[in-house]
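Residue 1 is where the sequence shown starts when you use full-length UniProt numbering, and the numbers rise one by one after that. Virtual Cβ for every residue (Gly too), placed ideally from N, Cα, C. Quantities reported herein were computed from a predicted structural model and do not represent experimental measurements. Some notes on the structure that comes next.
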Amino acid sequence: MSNSEPRQDQGIEYLPLKSFTEKAYLDYSMYVILDRALPNIGDGMKPVQRRIIYAMSELGLSASAKFKKSARTVGDVLGKFHPHGDSACYEAMVLMAQSFSTRYRYVDGQGNWGSPDDPKSFAAMRYTESRLAPYAELLLSEVSQGTVAWVPNFDGTLEEPAVLPARVPNVLLNGATGIAVGMATDIPPHNMREVVSACIRLLEDPKADLTALLEHVQGPDYPTEAEIITPRAEIRKMYETGGGSIRMRAVYEREEGDIIITALPHQVSGAKVLEQIAAQMTAKKLPMVEDLRDESDHENPTRLVVTPRSNRVDIEGLMSHLFATTDLERTYRVNFNLIGIDGRPQVKNLRQIVQEWLEFRTETVRRRLQHRLDKVNRRLHLLEGLLVAFLNIDEVIHIIRTEDEPKPVLMKRFELSEAQTDYILDTKLRQLARLEEMKIRAEQEALAKERDNLEKTLKSKQRMKTLIRNELTADAEKYGDARRSPIVAREAAEAMSETDLAPAEPVTVVLSEKGWVRSAKGHDIDPISLNYKSGDGFLSAARGKSNQLAVFIDSTGRCYALPAHSLPSARGQGEPLTGRVSPPPGATFVAVMMGNDDDRYLLASDAGYGFVAKLGDLIAKNKNGKAILNVPKGARVLPPVPVKEVESDVVSAITTEGRMLVFPLSELPALSKGKGNKIISIPSARVANREEYVVAINAVPEGEKLTLYCGQRHTSLKRADLEHYHGERGRRGNKLPRGFQKVDRTEVA
């Protein structure tokens with residue numbers, strides 16, 4: 001249909017589809033925002049909650065009444081005020097009755113109303129019984145005192161309160177959550193005493209700023225003893241902007257070596273937390289935990305037991321990991337979006353909320369006092385006429401008996417109003433006979449005194465403030481309680497790395513000549529005797545622990561790191577290392593290293609250059625590795641040499657020409673990458689043509705021997721024997737004895 005103007009034809013209205021859909025969706029959006037999802041600043045309730053509370057009060061289900069079936073309440077709510085689904089209505093009622101979901105409960109339930117482990121495990125409404133909780137009195141006590149605006153229900157047959165006259169700022173005390181169209185609300189619960197104290201502060205000092213209010217309101221207060229670990233600065237910003245987040249963390253204690261979790265974050269299930277921890281244990285990602293138990297009961301609503309594998313386990317590190325990887329720590333979104341006293345949704349900061357609620361409360365109290373004043377004046381007016389009738393009882397009776405229309409006669413004779421005359425005529429004769437002037441005058445005196453006080457309060461802002469303050473103080477004293485969620489400064493939780501979580505078992509990582517890798521349990525394995533593929537053989541092995549990284553170096557000087565526990569078992573022939581890492585084309589693997597990050601290795605090329613590096617600096621986090629050793633043209637990478645003591649070890653370098661140079665290891669630099677310094681002098685042209693190069697390099701500690709292997713012959717040299725080959729770093733070195741100038745390999749022992 002074209003976008004023409006609306007027109008009517010034979011009683012049918014025609015609208016452009018665009019205009020109709022826009023209006024329909026806008027109407028729906030406003031309905032969801034104003035009449036379903038967002039709370040009102042006055043009573044802090046959404047319509048369904050308000051209707052449940054009001055319907056229960058109409059049924060006479062006060063805190064002192066007998067319990068009634070919940071189905072009766074839900075039926076009244078749906079039939080009279082809330083034409084929606086019964087399951088949704090009952091679920092809203094359940095949340096209002098659960099002490100672990102609502103900070104100050106509205107409904108007192110009897111029967112199965114769910115549990116913290118499974119809040120939706122509540123029984124059907126035909127089985128449970130309910131009545132209003134004492135706290136609901138703060139919302140309902142002034143409903144009949146002229147304080148609320150009444151609106152028709154959905155079918156216009158009844159009236160319901162638009163907003164309940166809350167005596168306390170319930171919008172902050174119990175909070176609210178809701179998703180509307182294009183907006184949402186997440187208001188956390190707060191402590192009544194703190195919020196009331198802030199209200200009184202702003203009431204007495206209208207110029208008080210947010211800083212002054214935060215002296216009273218420390219932060220949200222959930223219905224759980226778990227800690228709020230959000231920094232104070234972030235909490236302040238949240239109250240300043242009306243949005244942010246709150247982070248809660250479980251509370252634990254030590255008991256005979258076990259970890260006892262005694263409080264969980266808001267709406268976190270203990271069963272789910274145990275399931276999350278158990279899943280990590282099953283996946284062998286939590287080797288430091290031996291057992292889990294749930295010992296929760298009526299005396300201890302939350303008691304989750306985590307048993308460490310030994311007393312050497314770092315408890316703080318373990319709990320930090322669990323906080324980071326399970327629901328033991330949880331973040332809650334905060335969005336102070338609500339309907340203000342102007343009827344419009346808006347995100348407000350803490351000061352705006354308290355200020356607007358005080359305006360709402362002041363108007364409510366004014367209407368209550370005015371309603372009472374009107375009743376007092378009406379009663380005084382009637383008593384004045386009744387006193388005239390008592391003082392002239394005989395004449396009044398005579399007029400009533402003799403006149404056909406006694407009403408106008410009485411009004412004219414005694415100058416009475418119509419209301420006074422009707423009251424006298426409606427009074428039974430036997431009551432007139434018992435009337436006493438003293439009683440009438442006593443009631444008049446008491447009412448006159450009350451009227452004067454009401455008029456003074458209504459005319460005086462200070463009296464009004466004092467009345468509101470006294471009522472707030474009394475309500476906080478009666479219904480308030482101590483803070484449940486402590487606000488504590490804690491460090492951020494950090495999950496353990498994959499290597500930290502792996503069990504620390506001794507392993508030997510074996511690398512073959514063709515670049516196949518495998519991991520054998522224990523250190524007593526002989527890697528040379530393992531079974532290798534045809535044409536392949538042993539190249540290098542490193543001993544360490546399964547929770548450490550195996551670091552590989554290739555012929556281009558690049559290093560790669562893999563978790564040792566992730567490598568294939570030595571029962572087979574392993575797998576190609578190129579399936580895990582991506583070395584440059586043509587590169588081959590030279591050696592494997594293992595140890596702690598602070599362990600030092602001597603890295604060198606057979607061109608005679610090298611340096612000392614920490615193992616931690618060789619670790620690469622990606623498949624492409626990390627360039628560590630710069631290799632001169634024509635040179636090759638030598639297998640890295642472990643270093644014990646940089647200050648006392650000596651370097652021995654042997655070339656293919658049978659020359660050996662020995663000098664202190666401390667003369668080599670400690671680098672994280674590079675070419676290094678010259679260890680032994682070899683002409684670069686001879687290196688490029690492979691005429692001469694370093695065949696073996698070692699770091700010899702104090703008290704150990706260097707063994708040279710030359711074919712079938714070998715010789716062992718003590719540190720004292722090496723003095724003959726000592727020289728300045730970078731020199732050519734001295735010739736080895738005949739028969740030992742063609743060194744195949746060396747060994748330090």
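Notebook entry, point to check: Straight-line CA distance for K742 to D597?
Noted result: 36 Å
Check: Where does the unbroken beta strand (DSSP E) through G270 begin, and where does it stop?
Finding: It is not in any beta strand (DSSP E) - G270 instead sits in the alpha helix (DSSP H) that spans 270-282.
Checklist line | Minimum C-alpha distance to L143 - residue among P161, N153, S546 | finding: The sequence given here places Val at residue 143; Leu does not occur at that position. Measuring from the Cα of V143, the nearest candidate turns out to be P161.
Checklist line | DSSP-derived helix/strand/coil call for T362 | finding: Assigned with DSSP and collapsed to three states, T362 falls in helix.
Check: Could you give the uninterrupted runs of the alpha helix (DSSP H) lying entirely in the region 14-49, keeping only those of 4 residues or more?
Finding: 17-32
Check: Between the region 639-658 and the region 573-582, do three or more beta carbon pairs fall short of 8 Å?
Finding: Not touching, per the Cβ criterion.
Notebook entry, point to check: Are T707 and I680 close, meaning C-beta to C-beta below 8 Å?
Noted result: In this structure, T707 keeps its C-beta atom at 8 Å or more from the C-beta atom of I680.
Item checked: Boundaries of the beta strand (DSSP E) in which I235 is found, first to last residue -> Counting along the chain, I235 falls outside any beta strand (DSSP E), though it belongs to the alpha helix (DSSP H) covering 232-241.
Checklist line | Cβ shell of V313 (< 6 Å), same chain only, five flanking positions each side left out | finding: M288
Margin query: Just list the residues that DSSP pairs A696 with in beta bridges.
Written below: I654
Margin query: Less than 8 Å between the C-beta atoms of Y222 and M192, yes or no?
Written below: no
Note to self: Given this structure, state the Cα-to-Cα distance separating A97 from A136, to the nearest angstrom.
What the structure shows: 11 Å
Next item on the list: My understanding is that R131 touches A65, with C-beta atoms under 8 Å, so please give their C-beta distance in whole angstroms.
Entry: 5 Å
Notebook entry, point to check: Thinking just about the alpha-carbon of each residue, which of M56, L274, Y239, D452 is nearest to the one in V347?
Noted result: The residue with the shortest Cα to Cα distance from V347 is Y239.
Check: What residue from G270, N689, N547, E513 has the CA that sits closest to G535's CA?
Finding: E513
Notebook entry, point to check: Quick one: what's S648 bridged to in DSSP?
Noted result: Paired residue(s): none; S648 is not in a bridge.
Next item on the list: Please name the residue or residues paired with H714 in a DSSP beta bridge.
Entry: Y709
Checklist line | Same chain, Cβ closer than 8 Å to R368, five either side skipped, listed in chain order | finding: E142, Q145, G146, T147, P165
Check: According to DSSP, which residues form a beta bridge with C559?
Finding: I553, K626
Note to self: Between which two residues does the alpha helix (DSSP H) holding D475 run?
What the structure shows: 461-479
Item checked: Contact under 8 Å by Cβ, Y601 with G676 -> no
Item checked: C-alpha distance - V94 paired with A123, whole-angstrom precision -> 10 Å
Next item on the list: Return the residue from the list N470, Q218, T128 that minimises the CA-CA distance to R484.
Entry: Q218
Next item on the list: For H565, count neighbouring Cβ atoms within 10 angstroms of its own Cβ and tell me buried if that reaches 16, exposed if not.
Entry: buried
Check: Just checking, does the region 47-55 make contact with the region 23-30 on the three C-beta pairs under 8 Å criterion?
Finding: no
Next item on the list: With DSSP as the reference, label H371 as helix, strand or coil.
Entry: helix
Checklist line | Presumed contact (8 Å Cβ cut-off) between R232 and L213, rounded CB distance | finding: Not really, about 14 Å apart at Cβ, beyond 8 Å.
Check: Looking only at DSSP bridge pairs, what is residue 771 linked to?
Finding: Past the boundaries of the shown model lies residue 771; the chain is included only from 1 to 749, so the question cannot be answered.
Notebook entry, point to check: Near V251, which residues of its chain fall below 8 Å by C-beta distance, leaving aside the five closest residues on each side in sequence?
Noted result: E225, A226, E227, I261, T262, A263
Note to self: So R719 and V700 are supposed to be a Cβ contact under 8 Å. How far apart are they, rounded?
What the structure shows: 7 Å
Next item on the list: Within 10 angstroms of the Cβ of F663, are there 16 or more other Cβ atoms? Answer buried if so, exposed if not.
Entry: buried
Check: For the alpha helix (DSSP H) that contains R413, what are its first and last residues?
Finding: In this chain, the alpha helix (DSSP H) harbouring R413 covers 406-414.
Notebook entry, point to check: Got a sec, what are the start and stop residues for the beta strand (DSSP E) R254 sits in?
Noted result: 251-255
Note to self: Just to confirm my understanding: we take T364, look at its own chain, exclude 5 residues before and 5 after, and list those with CB closer than 6 Å. What are they?
What the structure shows: T147, P165
Next item on the list: Using only alpha-carbon positions, find the residue among E356, A493, R469, K449 that is nearest to G317.
Entry: A493
Notebook entry, point to check: Of the choices S460, N174, L373, L286, whose alpha-carbon is the least far from that of residue 750?
Noted result: With the chain represented from 1 up to 749, any question about residue 750 goes unanswered, as that position is not in the structure.
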